[in-house]
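For the record, the sequence lines run as chains A and B. Under the UniProt record's numbering, the first residue of the first sequence carries the number 1, and numbering increases by one thereafter. Under the UniProt record's numbering, the first residue of the second sequence carries the number 1, and numbering increases by one thereafter. Working notes, beginning with the structure itself.
There are 2 protein chains.
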Amino acid sequence: MSASSQSPQRSTPTQDSVRRQNLGALLRYVHVSGDTSRAELTNQLGLNRSTIGALTADLAGAGLIDEGAPQETGRAGRPSLVVRPRSSRVYGYALSIEVDRLRAARVGLGGKVLDSRELPRPAGTAVRDTVAILAACLDDMQRAAPADAVFVGSGIAVSRMMRHGDGVVRMLPPGGTGGGTTSVGAAGDLGAALGLDRPPVVGNVADLAALAEHTRGAAAGLDNVIYLHGDASISAGIIAGGRRVTGHGGHGGEVGHMVVNPQGRECGCGSRGCWETEIARHVSLDRDAVLACVEAARLGDPTARDAVRQAADWLGFGVANLVNIFNPTAVVFGGALRELYLAGATHVRGRLSTMALPACREHVRLRTPLLGDDAPLVGAAELAFERLLADPLETAEP
Amino acid sequence: MSASSQSPQRSTPTQDSVRRQNLGALLRYVHVSGDTSRAELTNQLGLNRSTIGALTADLAGAGLIDEGAPQETGRAGRPSLVVRPRSSRVYGYALSIEVDRLRAARVGLGGKVLDSRELPRPAGTAVRDTVAILAACLDDMQRAAPADAVFVGSGIAVSRMMRHGDGVVRMLPPGGTGGGTTSVGAAGDLGAALGLDRPPVVGNVADLAALAEHTRGAAAGLDNVIYLHGDASISAGIIAGGRRVTGHGGHGGEVGHMVVNPQGRECGCGSRGCWETEIARHVSLDRDAVLACVEAARLGDPTARDAVRQAADWLGFGVANLVNIFNPTAVVFGGALRELYLAGATHVRGRLSTMALPACREHVRLRTPLLGDDAPLVGAAELAFERLLADPLETAEP
Chain A
1 MSASSQSPQR STPTQDSVRR QNLGALLRYV HVSGDTSRAE LTNQLGLNRS TIGALTADLA
61 GAGLIDEGAP QETGRAGRPS LVVRPRSSRV YGYALSIEVD RLRAARVGLG GKVLDSRELP
121 RPAGTAVRDT VAILAACLDD MQRAAPADAV FVGSGIAVSR MMRHGDGVVR MLPPGGTGGG
181 TTSVGAAGDL GAALGLDRPP VVGNVADLAA LAEHTRGAAA GLDNVIYLHG DASISAGIIA
241 GGRRVTGHGG HGGEVGHMVV NPQGRECGCG SRGCWETEIA RHVSLDRDAV LACVEAARLG
301 DPTARDAVRQ AADWLGFGVA NLVNIFNPTA VVFGGALREL YLAGATHVRG RLSTMALPAC
361 REHVRLRTPL LGDDAPLVGA AELAFERLLA DPLETAEP
Chain B
1 MSASSQSPQR STPTQDSVRR QNLGALLRYV HVSGDTSRAE LTNQLGLNRS TIGALTADLA
61 GAGLIDEGAP QETGRAGRPS LVVRPRSSRV YGYALSIEVD RLRAARVGLG GKVLDSRELP
121 RPAGTAVRDT VAILAACLDD MQRAAPADAV FVGSGIAVSR MMRHGDGVVR MLPPGGTGGG
181 TTSVGAAGDL GAALGLDRPP VVGNVADLAA LAEHTRGAAA GLDNVIYLHG DASISAGIIA
241 GGRRVTGHGG HGGEVGHMVV NPQGRECGCG SRGCWETEIA RHVSLDRDAV LACVEAARLG
301 DPTARDAVRQ AADWLGFGVA NLVNIFNPTA VVFGGALREL YLAGATHVRG RLSTMALPAC
361 REHVRLRTPL LGDDAPLVGA AELAFERLLA DPLETAEP
């Protein structure tokens, strides 16, 4: 009777874990929502006033929040103190490795960008050189950061596919998906190469754009979201029940290679009639190309009008399939798909109404991103703060 | 200074919530895994030995588990006590409303079926009559249950689509999906009609079969699973990251209406070339029809062999699309799809290898269900125990 010979007791680690959980929940709330009254925190977190008081005291003591009087409301009664995320005490790095550029930002609590850099990524730049350029960016920003600010983590958005099952980050060649992937390296090695003392958290561009739009953008407050990213190919970031759907190896969301036409054109992936290939037969999935075509159509060019109509029709075709599969609350059209959707919304909606089941489509909202091209970087910043929000006091220790 | 004028303290409700959480985690573990040693519980739940001792004492006191000496292991040293779910003290009802039959079971902890009934559901039986038949079944089983056993909840698997967003359960007509749905009623009214003192938790057949195979069946231990249910139509139960993906209104998984052939046959849903329609052009998605065709093909009938080949080819076509979208670890072929998959596995795998991206397909396992036709009922039983597993002691109170 190995264990029962000890007296039953509540274990201390368990109490600590509750405190950590509550501190994390409160800090996450103000990180996402900004200034929040104590009264609202009490309601939203389901904790009593004295617990909220103890938690805010701890977080203020660690320099993570400030408390202050609210703006004059004109209402009678003593107003509730307002809790604000403090953006200067801790920071994360958000990085974005895109097809043609590299971006890096130093980001504070509340998602505030404190410093940022952007550099072109010339075609054919080797992965090792890409990482060296980003390391120099980080070094530069690090020097400019206040000496007492604490680094809490980093997130990287990688364009094209990657995996996180085995911790090795891989990029697909821009041209297609049938060929081999390029190993960017294990997340740990990547951290070392970037001069960071802990491994970055890595996600692909569509996943992180979806996370960003779900947290702070066009789909804020919606728990079932498909974010479609058009950028030569089409990939999706999927949020189901409020959580990211990334699949076994992090490869989920390759919706561009859903085959929609057995008689369609050959695709670089080796298949035929992929969704992205059928759209690209009419309008190349490159933002400049889409913009040029849409503008020509607007000016009355019949070929361009037909191309927009057909491409938008195929866009709606695939969206209807995804709506039947996921029953989402929102579909967000990002990257080059934004312009195509805006120009051809009627055709997209037409396909949705004829192809999607009424029950699956009846609550779906079609939207364009609020965060634009910053979405992957904003999503990467959310990853950078995950560790802090899981254990605020320990992580914020200098 | 409303809240901070009170002294900071840890609130009692919070400690209780940890205890509830730990009790639930321990009970869930033995409910799913069966007999488990205290040593394994200590490892798996990350709690210390004295906490495990206190938790098992509480659960044993409530009659939910038994503890005892393990089987002789032959190993040296004092063996760890074994914790067993006790199946007789509490029970849930699992119900299944299928196209052609009704099933009901009284189920104990650990998933043990204590009593069960099965009745035909003649074609055209009105929903109200269906519910009355099930109510009589429950009444009958209730009479046979021990007087001191405690009812903890019920789950219902409903064939065809339903919604849980607004709490109203709807069934689609067996013939198609374009027409109107039949309201089975709000879950609360349904509970009252069934003579239950709390509303049942409702899920559709494919979702609950997926939950069952993920919890106790062919996909146990796998967190990214697509369960395909063939039964006149094709629907999917989807598990991503260990959680059910049901969508905004519970309508997700209508994969049978993913359009795979713009030049295909008209579907009952009003669209054309739906995945299920393209398969059914070759072999009707009815188990008897599939079995007959597969048997004829086995005996060398050339028409039947061609039909199996073509239907399996289309089956693989849709599976490849889903693999690209979800990057699952397992795809389970249930209902009528089981026989079609077994007969045409080569063609399914052929499509997968040419249409799915290597990264998405490399770890996927194709499987048949372990729980067979019981899967929806087993899944409904899991729903029935959700409340108990969230708060064991309170729920098990007589």
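Glycine is no exception: its CB is placed at the ideal position from the N, C-alpha and C atoms. Small disclaimer: the values here were computed from a predicted structure and weren't measured.
Residues in its own chain within less than 6 Å of residue i by CB, not counting five upstream and five downstream?
| i | result |
| --- | --- |
| Leu81/A | Arg38 and Glu67 |
| Val245/B | Ile238 and Gly252 |
| Arg117/B | Ala104 and Cys137 |
| residue 434/B | What is shown of chain B runs 1 to 398, which leaves residue 434/B out entirely. |
| Pro283/A | Looking at the sequence itself, residue 283/A is Val, so the reference to Pro does not match. Counting only Cβ-Cβ distances below 6 Å, and skipping sequence neighbours, we find Val290, Cys293, Ala307 and Ala311. |
| Arg281/B | Arg265 |
| Pro398/A | Val150 |
| Ala236/A | Ala206, Ile226, Leu228, Gly253 and Val255 |
| Ala212/B | Leu371, Ala375, Val378 and Gly379 |
Taking only three categories from DSSP, how would you classify residue i?
| i | result |
| --- | --- |
| Arg163/A | With a pLDDT of only 48 at Arg163/A, under the threshold of 50, the placement of this residue in the model should not be trusted, and no figure is reported. |
| residue 456/A | Chain A is shown from 1 up to 398; residue 456/A falls before or after that span and cannot be answered. |
| Pro146/B | coil |
| Arg215/A | The identity of residue 215/A in the sequence shown is Thr, whereas the question assumes Arg. Here Thr215/A sits in helix by DSSP. |
| Pro358/A | helix |
| His251/B | coil |
| Gly179/B | Only weak support is given to the placement of Gly179/B: the predicted model assigns it a pLDDT of 42, under 50, and the question is left unresolved by the model. |
| Ala280/B | helix |
| Thr130/B | helix |
| Cys293/A | helix |
| Leu102/B | strand |
| Phe385/B | coil |
| Cys267/A | coil |
Please classify residue i as buried or exposed, where buried requires at least 16 neighbouring CB atoms within 10 angstroms.
| i | result |
| --- | --- |
| Gly195/A | exposed |
| Asp207/A | buried |
| Ser353/B | exposed |
| Asp306/B | exposed |
| Leu377/B | buried |
| Ala147/A | exposed |
| Gly334/B | buried |
| Thr346/B | exposed |
| Arg106/A | buried |
| residue 399/A | Since the first and last residues shown for chain A are 1 and 398, residue 399/A lies out of range. |
| Leu371/A | buried |
| Thr303/B | exposed |
| Val319/B | buried |
| Pro70/A | exposed |
My understanding is that residue i touches residue j, with C-beta atoms under 8 Å, so please give their C-beta distance in whole angstroms.
| i | j | result |
| --- | --- | --- |
| Gly316/A | Arg367/A | At roughly 15 Å, the Cβ-Cβ gap does not stay under 8 Å, so Gly316/A and Arg367/A are not in contact. |
| Leu102/B | Leu119/B | 5 Å |
| Ile156/B | Ala380/B | 6 Å |
Quick one: list the residues of chain B neighbouring residue i, beta-carbon separation under 8 Å, in chain order.
| i | result |
| --- | --- |
| Gly241/A | Arg243, Arg244, Val245 and Thr246 |
| Gly230/A | The premise fails here: Gly230/A is roughly 16 Å from chain B at the closest Cβ pair, so nothing lies under 8 Å. |
In chain B, which residues lie less than 7 Å from residue i when you measure between Cβ atoms?
| i | result |
| --- | --- |
| Met355/A | Val259 and Ser271 |
| Pro328/A | Gly247 and His248 |
| Asn321/A | Met258 and Val259 |
| His363/A | His248 and Gly249 |
Against residue i, what residues of chain B qualify as contacts under a CB-to-CB distance less than 9 Å, listed in chain order?
| i | result |
| --- | --- |
| Gln263/A | Asn261, Pro262 and Gln263 |
| Phe317/A | Val259 and Pro262 |
| Val205/A | In chain order: nothing, as chain B lies at least about 16 Å away. |
Which residues of chain A have a Cβ atom closer than 7 Å to the Cβ of residue i, listed in chain order?
| i | result |
| --- | --- |
| His282/B | Correct list: empty, because the minimum Cβ distance to chain A is about 14 Å. |
| Gly252/B | Ile325, Phe326 and Asn327 |
| Cys360/B | His251 and Glu254 |
| Asn43/B | Residues of chain A passing the Cβ test: none, with the nearest at roughly 13 Å. |
| Asn224/B | Gly247 and His248 |
| Val107/B | Neighbours of Val107/B on chain A: none; closest Cβ ~26 Å, over 7 Å. |
| Val127/B | Neighbours of Val127/B on chain A: none; closest Cβ ~17 Å, over 7 Å. |
Could you name the residues of the same chain whose beta carbon sits closer than 8 Å to that of residue i, not counting the 5 residues immediately before and after it, in chain order?
| i | result |
| --- | --- |
| Gly175/A | Low confidence applies here, because Gly175/A scores a pLDDT of 43, under 50, leaving its location unreliable; read the following figure in that light. Gly268. |
| Cys274/A | Gly256, His257, Met258, Val259, Val260, Gly264 and Cys267 |
| Gly241/B | Asp223 and Asn224 |
Going along chain A, which residues have a C-beta under 8 Å from residue i?
| i | result |
| --- | --- |
| Val255/B | Asn324 and Ile325 |
| Val30/B | Result: empty, since nearest Cβ-Cβ is about 15 Å, beyond 8 Å. |
Take residue i and list the residues in its own chain whose beta-carbon comes closer than 7 Å to its own, dropping the five residues that flank it on each side.
| i | result |
| --- | --- |
| Leu55/B | Asn22, Leu23 and Leu26 |
| Asp286/B | Ala232 and Ala336 |
Does the beta carbon of residue i come closer than 8 Å to any beta carbon on chain C?
| i | result |
| --- | --- |
| Thr246/A | The chain inventory of the structure shown lacks chain C, comprising the protein chains A and B. |
So which residues on chain A does residue i lean against when the C-beta distance must stay under 9 Å?
| i | result |
| --- | --- |
| residue 401/B | Only positions 1 to 398 of chain B appear in this structure, which leaves residue 401/B out of reach. |
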